[in-house]
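In the UniProt record's numbering, the protein residues as written are 1 to 333.
Ideal Cβ placement from N, Cα and C applies to all residues, glycine included.
On a predicted model such as this, the values are computed, not experimentally measured, just so you know.
The next block holds one structure in the form of structure tokens; read it before the comments.
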Amino acid sequence: PPGFNPEKSIFFMPDSGGPCRFGQYNRFHKKLLKDLGINMPVYSLQQDMKFYEDLDILGRTFMKIAWQGIVAVDILDKFFRETRPYAINKKEVEDLYWESLKKIEKNIEEKRDITETLLEIKEAFKNVAVEDGEKPKVGVVGEIYVRNNRFANENLYRFLEDLGLEVWLPPITEWIYFINYTSKRWAKKLGWFRTVLRYIIETQYLKWEEKKFINLVKDILNMAEDMDVEELMDLTKKYVHPEFEGGEVLLSVGKAVEYLYHGASGIINVIPFACMPGNVVTAILKKIKEEEGIRFPTLTVPCDGQKSLGTKMRVEAFVEQVKEFFNSKERKN
Numbered sequence: 001p002p003g004f005n006p007e008k009s010i011f012f013m014p015d016s017g018g019p020c021r022f023g024q025y026n027r028f029h030k031k032l033l034k035d036l037g038i039n040m041p042v043y044s045l046q047q048d049m050k051f052y053e054d055l056d057i058l059g060r061t062f063m064k065i066a067w068q069g070i071v072a073v074d075i076l077d078k079f080f081r082e083t084r085p086y087a088i089n090k091k092e093v094e095d096l097y098w099e100s101l102k103k104i105e106k107n108i109e110e111k112r113d114i115t116e117t118l119l120e121i122k123e124a125f126k127n128v129a130v131e132d133g134e135k136p137k138v139g140v141v142g143e144i145y146v147r148n149n150r151f152a153n154e155n156l157y158r159f160l161e162d163l164g165l166e167v168w169l170p171p172i173t174e175w176i177y178f179i180n181y182t183s184k185r186w187a188k189k190l191g192w193f194r195t196v197l198r199y200i201i202e203t204q205y206l207k208w209e210e211k212k213f214i215n216l217v218k219d220i221l222n223m224a225e226d227m228d229v230e231e232l233m234d235l236t237k238k239y240v241h242p243e244f245e246g247g248e249v250l251l252s253v254g255k256a257v258e259y260l261y262h263g264a265s266g267i268i269n270v271i272p273f274a275c276m277p278g279n280v281v282t283a284i285l286k287k288i289k290e291e292e293g294i295r296f297p298t299l300t301v302p303c304d305g306q307k308s309l310g311t312k313m314r315v316e317a318f319v320e321q322v323k324e325f326f327n328s329k330e331r332k333n
């Protein structure tokens, strides 16, 4: 973009220990930037008990502004997801999304409070002309990078919406709350009580900040508020041992159950190709269907960077199953 100087910018991509695919992304980003001749550092925060120690280097102001930006973009995404499927003019909604994103970016760059901007965005989406009726909802779970990167998942959600569904996505804030949750548990096991206290305080502060903004918009959003991570873990206990913290298994299973409670007619599990935790989630979703006696449709979409006609056909078949379930007595009961 005009005026962008890579030498005065940082590319943010978190890191993860062990063999998880998530830990490889920042390494390939570094390689790509180098191959393109772009002299731009990649800042990678490790998802462990030193998460906030690393963040402290950047200062409290950065942490506050960054969090407000994350919350604001999560809210914007919900406005978009709940409006586009019903909009008379879908391009109007897409243009509004990008305009709103630029406004949020400008707020963050200028370190200004984001309240007024969020209220403006709320009014703009409120005024979009929409058609009446209810569409079947499908909840998305899976690995955070591929499920949120439209290039990695081949714009899957646009395809689902164009086929007549409304798509629910987990917020990015959930990932940070989960880091806090798991790090607090490990610190407690190790007897690092000062670290435990730090995570309790940080989590409460983040929730307080997030709640301020959610209260501004919840009157026009159906899915404004998500369950706390602690609540998701309680939902998960029935199907997965709480010590199984590898990858996104606990979050994905808990979120899938939450979506079903809210009336979703199907679950899509978006994962990297051959992702072990993602395949574990696929197996557990099958177990949930068997144990609860609810034959809700599920689909696992592995992302390998290749366009596949087979994937397109599987998604189309899944959408028909979702619509059938949506209209069934089983779903209504």
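When burial is assigned at 16 or more other CB atoms within 10 Å of the CB, is residue i buried or exposed?
i	result
Ile267	buried
Pro136	buried
Ser328	exposed
Met313	exposed
Leu197	exposed
Asn26	buried
From the DSSP output, which residues share a beta bridge with residue i?
i	result
Gly139	Trp168, Ile267
Ala87	Val130
Under a three-way DSSP split, which group does residue i fall into?
i	result
Ala256	helix
Gln46	strand
Pro41	coil
Val315	helix
Leu163	coil
Phe80	helix
Leu251	helix
Pro272	strand
Asp226	coil
Phe325	helix
Phe125	helix
Phe244	coil
Phe151	coil
If you draw a straight line from the alpha carbon of residue i to that of residue j, how long is it in whole angstroms?
i	j	result
Gly23	Leu45	10 Å
Ser308	Pro302	11 Å
Arg112	Lys102	14 Å
Arg81	Phe125	11 Å
Phe11	Ala152	18 Å
Pro277	Val253	11 Å
Asn180	Ile57	18 Å
Lys34	Asn149	21 Å
residue 408	Lys286	Given that the chain is displayed from residue 1 to residue 333, the structure contains no residue 408 and the question cannot be resolved.
Lys237	Glu245	12 Å
Ile108	Gly69	6 Å
Ser100	Pro297	34 Å
Residue range of the beta strand (DSSP E) that residue i falls in?
i	result
Leu299	298-303
What are the start and end residues of the alpha helix (DSSP H) that includes residue i?
i	result
Ser183	173-190
Arg112	Per DSSP, Arg112 belongs to no alpha helix (DSSP H) and is neither H nor E.
Lys34	22-35
Phe193	193-217
Asn148	144-148
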